[in-house]
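To keep things clear, I will list the structure first and then write my remarks on it.
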Amino acid sequence: VAFKDYPVIVGGRYGLGSAEFNAAMAKGVLDNLALDKPKNHFTIGINDDVTFTSLEYDKNFTTDQSEVHRAMFYGLGADGTVGANKNSIIIIGENTDNNAQGYFVYDSKKAGAVTVSHLRFGKDPIRSTYLLDRTNFVACHNFSFLEKYDMLDNAEEGATFLLNSPYGADKIWDMIPREVQQQIIDKKLKFYVIDAIKLAHELGLGARINTIMQTAFFVISKILPVEEAVRQIKASIQKSYGRKGERIVNMNYAAVDAALENIEEVKVTDKATSTITMPGPVPEDAPEFVQNVTAKIIAGKGHELPVSAMPFDGTFPTGTTKFEKRNIAVEIPVWEPEVCIQCGTCSFVCPHATIRIKAYDPKYLQDAPETFKSADAKTKNFAGMKFTVQVAPEDCTGCAVCVEACPAKEKDENKQETGRKAINMAPQAPLRKPEAENWDYFLSIPDTDPALYNIGTVKGSQFVPAMFEFSGACPGCGETPYVKLLTQLFGDR
């Protein structure tokens, strides 16, 4: 059968560069089809400012129903956040008349990286097969994320914000960035805090804050009556950890009870008063590409990059992790010069090359920061020189492998061991600024003269700058120290 007029056939592409495809974009495609002359071979979801194929669309359009409960959780890889949220979906789906859905976003950093959980709950079937772009509950499970991610951007007016904070409700307001304060005020958010890190440490759970934060979510969201939520959480604990023994189960039971008693609501003022501001994702002295492209990706806004920002041949520069400053460690190593035997083992075993050693001329201490530590070098080759062990506080992952490996033990006046070593872990927050200054100064000191040490020894190898540093490996990784050591022994290949 011959057509009187040829039908209009329009083609396009979505999901380029793993771009999201949501209801707003689908509407943009349909709006294009409704035009007298629709754009053919279009793209949607990206900003194509090179070949101009991309469609404009209304980013505020949504098909999510108002009664659907939408929650986003920003967690740290291996802190149990994703597992807890999967449990929450099961609890809500099986014990209420709500439907439940969850999507989980990971980056490539493995354990110790940001994970974002997108959860929906509602009476009607949920057919939104894409990530959340607006929420009525936001949880931040790592305090350092506040200065890195604009996590309240998606919060609706009147939403709830739960923060894992080392500061109580009476102190937290002036400890968060001014930009976050303003969003809380403008959007009339309800603001809650809980010190999950402290509670987890007290209960012997280490960095696993998942049970505490999960309990806080159920208490605040009121999706289930509190008593029923607690009963279901404890049932899931028994199911998840029962094979690990009664002690582990009871520790997690205690975490639930502790969470109930330690959730605090913050009184929100009508004015942003903080002197803290959100720093840029990368330092100001970073290269142009890192400033314009890498920084956007680090901030979780890589989807906003236009096509013109992408390298035309697909190659990205290496060695950019030194600009990232992930700042994820709760505790970092602190050096005790008077206990140290200057063996270099701490630097040798560090998986992320965040603890370094140097022997240098004392003249370089003249302009050193007030808190910069040094000791007289002990090796005869370094006679008259100074020695320093320095940590990079914003790159360290807090694994404490250096402390475990340190052979130097502090002794009291009776020659009895005190339990402390030449390297000991301490809370990162108060040390961050001074140690960051110390790290920058440490890097400015010239490298130790290779003629003064034997590169074939543990200590000698650690005077050589590492060319594999601050990787995305898990905290405490057993593989990266070998890769780092290879770069020190054999140099740039």
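If you're matching positions, the sequence shown starts at 1 in full-length UniProt numbering and goes up one per residue.
Virtual Cβ for every residue (Gly too), placed ideally from N, Cα, C.
- The alpha-carbon of A400 is positioned some 31 Å away from that of W173.
- A24 has its alpha-carbon roughly 6 Å from the corresponding atom of D58.
- Rounded to whole angstroms, A216 and L119 show a C-alpha spacing of 16 Å.
- When secondary structure is reduced to three states using DSSP, N98 falls in the coil class, being assigned neither helix nor strand.
- For F61 and M151, the gap between their C-alpha atoms comes out near 20 Å.
- Contact check between the stretch 290 to 300 and the stretch 310 to 326: three or more CB pairs, one atom from each, fall below 8 Å, which counts as touching.
- For F468, the CB contacts under 6 Å within the same chain, skipping 5 residues up- and downstream, are V483, K484, T487 in chain order.
- For N22, the CB contacts under 6 Å within the same chain, skipping 5 residues up- and downstream, are Y130 in chain order.
- Counting the other Cβ atoms within 10 Å of the Cβ of P317 gives fewer than 16, which makes it exposed.
- The C-beta distance from N154 to R178 rounds to 20 Å, too long to fall under 8 Å, and the pair is not in contact.
- Going by DSSP, M251 is part of no beta strand (DSSP E) but of the alpha helix (DSSP H) stretching over 246 to 262.
- Between the alpha carbons of E157 and A353 lies a distance of about 44 Å.
- Taking 8 Å as the cut-off, the beta carbon of I220 is found no closer than this to the beta carbon of Y253.
- With a contact defined as Cβ atoms closer than 8 Å, A255 and L203 qualify at about 6 Å.
- In this structure, the straight-line span from the alpha carbon of I423 to that of L132 is close to 44 Å.
- In terms of Cα proximity to R13, the closest of F470, L35, R231, H41 is H41.
- In the three-state scheme derived from DSSP, where H, G and I count as helix and E and B as strand, L305 is classed as coil.
- If you ignore the 5 residues before and after A473, its C-beta comes within less than 8 Å of the C-beta of K110, P351, H352, E479, T480, all in its own chain and listed in chain order.
- For K386, the closest C-alpha among the options A392, P393, P362 is that of P362.
- Going by DSSP, H352 is part of no beta strand (DSSP E) at all; its letter is neither H nor E.
- A contact is defined here as three or more CB-CB pairs under 8 Å, and the stretch 98 to 115 fails this definition with respect to the stretch 236 to 243.
- Taking C-beta separations shorter than 7 Å and ignoring five residues to either side along the sequence, the partners of V307 in its chain run I46, N47, D48, D49, V50, following chain order.
- Judged by their CB atoms, F73 and T81 are nearer to each other than the 8 Å cut-off.
- Take the alpha-carbon of S54 and the one of T115: they are about 29 Å apart.
- Residue pairing by DSSP places N424 opposite V334 in a beta bridge.
- Around the beta carbon of T457, a 10 Å sphere encloses fewer than 16 other beta carbons of the protein chains shown; the residue is thus reported as exposed.
- In the three-state DSSP reduction, M72 falls in the strand class (E or B).
- With three or more CB-CB distances shorter than 8 Å, the stretch 432 to 450 counts as touching the stretch 370 to 378.
- In its chain, beyond the 5 residues on either side, P166 have a beta carbon closer than 7 Å to the beta carbon of A429.
- Q390 has R356 as its beta-bridge partners, per DSSP.
- Using a 10 angstroms sphere on the CB of R247, the tally of other CB atoms stays under 16, which defines it as exposed.
- In the assembly as shown, P279 is an exposed residue. Its beta-carbon has fewer than 16 other beta-carbons within 10 Å.
- With a 10 Å radius around the Cβ and a threshold of 16 neighbouring Cβ atoms, V266 comes out buried.
- Cα atoms of P311 and R127: separation of roughly 36 Å, rounded to the nearest angstrom.
- When DSSP states are grouped into helix, strand and coil, H201 belongs to the helix group.
- Annotation for T129: no alpha helix (DSSP H) segment contains it, and DSSP assigns it neither H nor E.
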